[in-house]
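Sequential numbering from 1 applies to the sequence shown in this note's numbering.
All C-beta atoms, glycine included, are put in the ideal place defined by N, C-alpha and C.
It should be emphasised that the depicted structure is a prediction, and the values quoted were computed from it without experimental measurement.
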Amino acid sequence: MTSLNLNALTENAARLGARLQETLSEQTRDLSLRASGSTYLDNPEDKVKNIGRQLDSNSDREKLEAMKRLIALISKGRNVSEFFAQVVKNVASHNLEIRKLVYIYLLHYAEQEPDLALLSINTFQKDLSDPNPLIRAMALRVLSGIKVPMIGSIVMLAIKKCAADISPYVRKAAALAIPKLYHLDSTHQPELIKVISTLLRDQSPLSLGSVAIAFEAICPTRLDLLHQHYRRLCRTLIDMDEWGQVDLINLLVRYARVMLPRPIPSTEAGSSSGFEVDRDLKLLISSSEPLFQSNNSAVGVHQNASE
C-alpha cells in the first residue's frame, strides 16, 4: 500500500511539474510590466502631450517610456487611439520590450484601425518566425484581429504556421484565432477544420481548452473528429487550467451523450450501481471527479450541470 501511494504521489508530482513549467511563463509574462509600470499610472497632461514626440524619437529609452505611459492610460480606460499611426511604426523595433508593448497596444486597437494596421502586415508576418514565442503569438493575435476580409488567406496561412509551432502558447493562440477568421470569412471552414483536427492531437494541456472553443465555433457537429482522441482528452482534464477544463468538459460530455451507449440495468448480482456503464463513460466520470475540488466554481457548476 505504501509503495502504491508513493508511486501515485511521484506521478502526480511529475504531472504537476510539467503543468507548472508550461503555464508559469504565460501567467507571469505581465508581472515585470506591472511592477515597472506602476509609476506611469499618474499621467499629468503635460507628460501625455510628450508621448507623440517620444514615439518619434530616435531614443529607445524615450520610446519605451512613451509606450509604458500609453499602456498605463489604456489600463485606466482612456482612449489613446490617436497615437496609433506613431505606435505602429515601432512594431519593427529591435528593442524587445518596445515591441511587446507595441503589440499590446495594437491588440487593443487593431479592430478599430484596420487600414493603419494593414500598413504593417509584412512585419506581422515576419514576426510569426520571431525567436520569442510571445512575439509570435501576439503577431498572430493582431493579424487575426484585423477585420478586413481581403487578408483572410494571409491569416489562414498564419494560423497553419502557428498551429505547428513548438510552443504550446503559440498553438493556443492559433486555436483562438480560428473562430475570428471563421467569422470574418466562413469560406475557410474546410481548412480550419483540418487545423482543428491537427490541434486535437496536441499533447499540451495548455492549448486544448482553446481547441475545444474553436471546435464548438467551427464544427460542433463533427464529433467524429474526437474518436481517436477521446480517452487522451479525458486523462488530460486534470492537468488543464480551470477555464480550459470548463470548455473541454462541455465538449466531452456532449460527445458522451451522442456517441457512447447509455447505462443499462445490470443483470449481475451484487452490482453496486444497478447499471452497466460503458468503460469510456466510466473514464469520463472518473477523470471529472477530481475537478469537484477545483478552486474555480465554474468547473463545479459545469460538472453538476453535466450529470
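Coarse secondary structure for residue i, derived from DSSP in three states
i, result
"P261", "coil"
"E276", "strand"
"Q189", "helix"
"I166", "coil"
"L101", "helix"
"Q228", "helix"
Residue from the options whose Cα sits closest to the Cα of residue i
i, options, result
"S120", "N95, L64, Q86", "Q86"
"Y109", "P133, K147, N132, T123", "K147"
"P149", "D127, F275, P168, E111", "E111"
"C162", "H94, L96, D130, P263", "D130"
"R262", "L251, F275, E113, N250", "F275"
"V253", "I264, T236, Q189, L284", "L284"
"L116", "K89, L101, I104, I135", "K89"
"P133", "I74, S153, L96, P190", "L96"
"S93", "F83, I74, V80, D56", "D56"
Residue environment, residue i, which counts as buried when at least 16 other CB atoms sit within 10 Å
i, result
"T221", "exposed"
"N58", "exposed"
"A174", "buried"
Residue i and residue j closer than 7 Å at C-beta
i, j, result
"P205", "D247", "no"
"Q245", "L291", "yes"
"I98", "M138", "no"
"R69", "I51", "yes"
"A164", "L140", "no"
"E113", "M156", "no"
"S197", "K172", "no"
"I104", "I71", "yes"
"D185", "G152", "yes"
"Y255", "L208", "no"
"L237", "S287", "yes"
> If you pair each beta-carbon of the region 175-191 with each one of the region 136-147, do three or more pairs fall below 8 Å?
Replying inline: Contact between the region 175-191 and the region 136-147 is present: 3 or more CB-CB pairs across the two stretches fall below 8 Å.
>> Pairs of beta-carbons, one from the region 278-293 and one from the region 223-242, closer than 8 Å: are there three or more?
In response: Contact holds: three or more Cβ-Cβ distances are below 8 Å.
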